[in-house]
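Undergrad:
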Amino acid sequence: MSSAELSLSVPSALELPRPSGRGLMGFLGSLWSHDMAMDLGTANTLVYVRNRGIILNEPSVVAVDEESGKAVAVGNAAKRMFGKTSRAVRCIRPMKDGVIADFDMTSLMIDFMLRQARRSRSVHKPRIVIGVPSGITQVEKRAVIDAALASGVREVMLVEEPMAAALGADLPVEKPVGNMVVDIGGGTTEVAIISLNGTLYSHSIRVAGDEMDEAIQREVKRHFGLQIGIFEAERIKLVIGSALPFGKARSITSCGRELATGMPHQIEISDELVREALNEPISAIISSVVTALEQTSAEVAHDIIARGVYLAGGGALLKGLSERLNRETGIQFHRAKDPLSCVVRGVGKIVDNLKEMRVLCIS
Ligand SMILES: Nc1ncnc2c1ncn2[C@@H]1O[C@H](COP(=O)(O)OP(=O)(O)OP(=O)(O)O)[C@@H](O)[C@H]1O
Ligand SMILES: [Mg+2]
Numbered sequence: 032m033s034s035a036e037l038s039l040s041v042p043s044a045l046e047l048p049r050p051s052g053r054g055l056m057g058f059l060g061s062l063w064s065h066d067m068a069m070d071l072g073t074a075n076t077l078v079y080v081r082n083r084g085i086i087l088n089e090p091s092v093v094a095v096d097e098e099s100g101k102a103v104a105v106g107n108a109a110k111r112m113f114g115k116t117s118r119a120v121r122c123i124r125p126m127k128d129g130v131i132a133d134f135d136m137t138s139l140m141i142d143f144m145l146r147q148a149r150r151s152r153s154v155h156k157p158r159i160v161i162g163v164p165s166g167i168t169q170v171e172k173r174a175v176i177d178a179a180l181a182s183g184v185r186e187v188m189l190v191e192e193p194m195a196a197a198l199g200a201d202l203p204v205e206k207p208v209g210n211m212v213v214d215i216g217g218g219t220t221e222v223a224i225i226s227l228n229g230t231l232y233s234h235s236i237r238v239a240g241d242e243m244d245e246a247i248q249r250e251v252k253r254h255f256g257l258q259i260g261i262f263e264a265e266r267i268k269l270v271i272g273s274a275l276p277f278g279k280a281r282s283i284t285s286c287g288r289e290l291a292t293g294m295p296h297q298i299e300i301s302d303e304l305v306r307e308a309l310n311e312p313i314s315a316i317i318s319s320v321v322t323a324l325e326q327t328s329a330e331v332a333h334d335i336i337a338r339g340v341y342l343a344g345g346g347a348l349l350k351g352l353s354e355r356l357n358r359e360t361g362i363q364f365h366r367a368k369d370p371l372s373c374v375v376r377g378v379g380k381i382v383d384n385l386k387e388m389r390v391l392c393i394s
């Protein structure tokens, strides 16, 4: 099966955002210029195409045929297969902790997603700007660049995710003010302070949404003697997960395999149990925020107190997290608009204004 035959839900042309306020010339320009922005995330990969908007938003999952080594499905279609495939097909999340863990599978995923994004509008080979975690090694950068080049782009530029998140949150990164962002993704939480188009402070920890899911898995195992799948743990987090107690107690029905008998079993999990499980990863995230605050100069501290801190990434959607951060630090935390697309929107701004903004790229 060729990669073009794989199933992936991409919005049709009718659903695509219209090029706003650019008129006919802007639209004609988009036929020639289809430079791209990509947020290659541990949990989700998003692609933005210049003048078209975000045209792809899919889980970073690949289902591969073990014998041929070829992909059977990518994105949502592959995520739906997770844990349900025969031995002949393996589902892989090729990104781990924000970086490429399986080069071949990541290349395959990028290749497939970029081909979908380019589709019939391919006139020239595009340039691409990709968001990467701050502090990634040269080898890790090389792997991202090689994977993108292999899919036929003509130039690859990288931008650190916190810078992209700050741009996506519409923060004035070019001004002499301390802009603090916390991007809580699937694999990493990145804390950064940005001013005058540069990063004053950045630190990345490998604790984020995935770690929360694993903590729920462990707690269910410890409390009920039940093994649940990782995406089931994520579902529990999305439905009843919270960083603080809120009003009426809630619960959710879940299923797994009882360790003692090996039999499928159904349980009722309380929001309190989930909160207990989430406490460790949340405390690690709060500690990294506190460390950043402790290391800022008096001038920057003044800006942060006045302007607050911006939260991006899917983890920012956890119920009660901004309130808890607020309570534990005494500083105001604001959730960026649509935290899950904040990074790709920021990278998209660079692509839209590449001439002036490529100075923000790190390669
Ligand atoms: N409503 C929600 N409550 C809690 N967590 C959520 C919610 N929605 C999404 N998430 C979590 O956000 C994470 C994905 O966020 P995001 O897409 O920003 O990560 P990523 O960019 O792929 O990862 P990384 O930046 O670490 O490489 C997942 O762990 C997901 O479970
Ligand atoms: Mg991310």
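If you count the sequence shown from 1, position 49 lands on 80 in the working numbering, and the numbers rise without skipping. Note that CB positions come from ideal geometry on N, CA and C, so glycine has one too. Given the structure is predicted, the values throughout are model-derived calculations rather than measurements.
Which residue comes first and which comes last in the beta strand (DSSP E) that contains E186?
TA: 186-191
Undergrad: Return yes when the C-beta of D214 is under 8 angstroms from any heavy atom of ligand 2, and no when it is not.
TA: yes
Undergrad: Cutting at 6 angstroms between CB atoms, please list the residues of its own chain near L227, excluding the five before and the five after it.
TA: These residues qualify, in order along the chain: P207.
Undergrad: Does the beta-carbon distance from R306 to G272 come in below 9 angstroms?
TA: yes
Undergrad: Please return the same chain residues whose Cβ sits closer than 6 angstroms to the Cβ of A178, not counting the five positions on each side in sequence.
TA: T137, S138, I141
Undergrad: Taking only runs of the beta strand (DSSP E) that begin and end inside the segment 131-168, which ones reach a length of at least 3 residues, in chain order?
TA: 158-163
Undergrad: What does the alpha-carbon distance come out to for the pair R83 and D66?
TA: 10 angstroms
Undergrad: Determine which residues share a DSSP beta bridge with I366 and list them.
TA: The question names Ile, yet the displayed sequence has Arg at residue 366. The partner list for R366 (beta bridge, DSSP) reads L342.
Undergrad: Should E192 be listed as close to ligand 2, given that the test is whether its C-beta is under 8 angstroms from any heavy atom?
TA: yes
Undergrad: Rounded C-beta distance between A94 and A74? I'm assuming under 8 angstroms.
TA: Contact flag wrong, Cβ pair sits at about 16 angstroms.
Undergrad: When you compare only the Cα positions, how much space is there between L145 and G209?
TA: 35 angstroms
Undergrad: Could you name each continuous beta strand (DSSP E) segment of 3 residues or more that falls completely within the segment 304-340, going from the start of the chain to the end?
TA: none
Undergrad: Going by C-alpha distance, which of T230, G256, P164 is nearest M294?
TA: Comparing alpha carbon positions, the residue from T230, G256, P164 closest to M294 is G256.
Undergrad: Using 9 angstroms as the limit for Cβ to Cβ distance, is H65 near chain C?
TA: Among the protein chains of the structure shown there is no chain C, as only one such chain exists.
Undergrad: Skipping 5 residues on each side, what residues in its chain have a beta carbon closer than 8 angstroms to that of Y232?
TA: V222, A223, I224, A323, Q326, T327
Undergrad: Flag S91 as yes when its Cβ comes closer than 8 angstroms to any non-hydrogen atom of ligand 1, and as no otherwise.
TA: It does: the Cβ of S91 is within 8 angstroms (strictly closer) of some heavy atom of ligand 1.
Undergrad: Measuring only the C-alpha atoms, how far is A44 from S314?
TA: Residue placement at A44 is poorly supported in this model, since its pLDDT is 34, which falls under 50; the coordinates still yield a value, given next. So the two alpha carbons sit approximately 44 angstroms from each other.
Undergrad: Ordered along the chain, which non-local residues of its own chain (more than five positions away) have a Cβ less than 6 angstroms from that of A12?
TA: Since the first residue shown for the chain is 32 and the last is 394, residue 12 is missing from the structure and cannot be characterised.
Undergrad: Quick one: Cα of G52 to Cα of S282, how far?
TA: Since pLDDT at G52 reaches only 45, below the 50 mark, its modelled position is unreliable, and no value is offered.
Undergrad: Would E191 and P157 be called neighbours here (beta carbons separated by less than 9 angstroms)?
TA: The answer is no: Cβ separation not under 9 angstroms.
Undergrad: Are the beta-carbon atoms of A274 and L371 separated by less than 9 angstroms?
TA: no
Undergrad: Alpha carbon to alpha carbon, how far is A195 from V375?
TA: 7 angstroms
Undergrad: With DSSP run on the structure shown, which of helix, strand or coil describes K206?
TA: coil
Undergrad: Alpha carbon to alpha carbon, what distance is there between F134 and G260?
TA: 25 angstroms
Undergrad: Report the residue from E205, L189, A197, L202 whose alpha carbon sits nearest the alpha carbon of E214.
TA: Per the sequence presented here, residue 214 reads as Asp, with Glu not at that position. The option with the nearest alpha carbon to D214 is A197.
Undergrad: In this structure, what does DSSP give as the bridge partners for D70?
TA: L77, G162
Undergrad: Throw me the rounded Cβ distance for the A337 and E303 pair, which I believe falls under 8 angstroms.
TA: About 36 angstroms separates the beta carbon of A337 from that of E303, a gap too long to meet the 8 angstroms contact definition.
Undergrad: Measure the Cβ-Cβ separation of M188 and I159 and say whether it is below 9 angstroms.
TA: yes
Undergrad: Mapping the DSSP letters down to three states, classify N107 as helix, strand or coil.
TA: helix
Undergrad: Should V378 be listed as close to ligand 2, given that the test is whether its C-beta is under 8 angstroms from any heavy atom?
TA: no
Undergrad: Would you tell me roughly how many angstroms separate the C-alpha atoms of I300 and V120, rounded to the nearest one?
TA: For the pair I300 and V120, the Cα-to-Cα distance works out to about 32 angstroms.
Undergrad: Should G218 and G129 be called a contact, given that it needs their Cβ atoms to be closer than 9 angstroms?
TA: With respect to G129, G218 sits close: the two C-beta atoms are nearer than 9 angstroms.
Undergrad: Could you give the first and the last residue of the continuous alpha helix (DSSP H) run that contains S353?
TA: Counting along the chain, the alpha helix (DSSP H) containing S353 begins and ends at 352-360.
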